[in-house]
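**Student:**
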Amino acid sequence: MVPGLFVTLEGSEGTGKSTNAILLERFLRSRGLSVLALREPGGTALGEEIRHLLKRTDLPVPPCAEGELLLFLASRAQLVRERIQPALDQGISVICDRYFDSTLAYQGGARSLDLETVKTLNRFAAGGCIPDLTFLLDLPPEVGLRRIARRLGRGRDRMERESLEFFQRVRQSYLSLAAAEPERFHRVDADQSPVAVQRELRRVLEKRLARPDAGPDRIVRFPAPPAGGKVLPPE
Ligand code: Z5A
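Okay, so the sequence shown: first residue is 0 according to numbering that gives the first Met the number 0, each after it adds one.
Written out as structure tokens, the structure is:
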């Protein structure tokens, strides 16, 4: 069986990753693919606990940069083995809102941890599970932070309280990552209307699905769901 397509969405705060992940999930379903939509950190019972811990603003001492890195990696190691790899092996496509490039951009780039160490640990946690396609939703951080501030219903979590300079470093790191891997990355100008952004993502995804190595076997109808997995049947 041809493995499912693994697509990740990356970018700084408020660039529209979550919004577009939902729309891409619908799009792939409409093409007859079974899809599992996930987010990082999170996506498993353990990962959601870690997510909660990482976002807390009331810890007497916040996590040190090294501790923070290892928590993100623990969430990912679990997600890959419990959800992502089993789904891909069954021909189910996976859309993940953030993945290992976030670690390189935030803990490597913005927190300035040693990049080689971050890369080695990233590889260990991901266990060879590499996205087929990564969308970088690129936006000046001040625009993204304004979007977040307008969002109703919750205050800023621990990471969202970082400085503008921090998010500028995140953006620069992402741009370097995208430039270094043009085959996997597709950069999208996220400072456009939601409709225009989604149209571009779909265009690129269509092209990727049409490649011979995507093959008709990519389209798997009603496969057995992975244990506890959120598998959406084709519409
Ligand atoms: N992190 C890390 O440091 N290391 C790691 O390895 C990993 C993560 C995996 C996760 O937070 C945090 O963890 C994140 C990175 C760090 N930290 N920070 N800071 P999260 O999952 O809670 O949040 P996020 O990933 O940063 O997503 P977000 O802030 O919710 O933004 P988004 O998903 O990119 O955007 P959105 O929710 O789709 O849209 C935001 C708002 O903008 C919303 O009101 C939309 O309606 C609006 N929007 C969306 N698109 C548009 C357009 N095109 N125009 C206008 N308005 C728009």
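We treat Cβ as the ideally placed atom computed from N, Cα and C, and that holds for glycine. These numbers were taken from a predicted model, which means no experiment stands behind them.
1. Return the chain-ordered list of same chain residues with a C-beta closer than 8 Å to the C-beta of R38, the five sequence neighbours on each side being excluded.
2. By Cβ distance below 6 Å, which residues in the same chain neighbour S74 in space, the five residues on each side in sequence not counted?
3. Could you tell me whether any non-hydrogen atom of the ligand Z5A is closer than 8 Å to the CB of S11?
4. Would you say the stretch 99-115 touches the stretch 50-61, given that touching needs at least three Cβ pairs under 8 Å?
5. Round the Cβ separation of A179 and R186 to the nearest angstrom and send it over; I've been treating them as touching at under 8 Å.
6. Any chance the stretch 81-95 sits against the stretch 126-135, with 3 or more Cβ pairs inside 8 Å?
7. Look up T133 in the DSSP assignment and say whether it is helix, strand or coil.
8. Should A44 go down as buried or exposed, given a rule of 16 or more other Cβ atoms within 10 Å for buried?
9. Cβ of R149 within 8 Å of any heavy atom in the ligand Z5A?
10. What residues in its chain sit with their C-beta under 7 Å from that of G227, if we drop five residues either side in the sequence?
11. Rounded to a whole number of angstroms, what is the C-alpha to C-alpha distance between E12 and Q89?
**Tutor:** In terms of the structure at hand:
1. S17, A20, C95, D96, R97
2. P40, G46, I49
3. yes
4. no
5. Rounded, the Cβ-Cβ distance is 12 Å, inconsistent with contact.
6. yes
7. In the structure shown, T133 sits in a strand (DSSP, three-state: E or B).
8. Classified as exposed, A44 has fewer than 16 neighbouring CB atoms from the shown chains inside 10 Å of its CB.
9. Yes, the beta carbon of R149 sits closer than 8 Å to at least one heavy atom of the ligand Z5A.
10. With a pLDDT of 40 at G227, under the threshold of 50, the modelled position of this residue cannot be trusted, and the question is left open.
11. 32 Å
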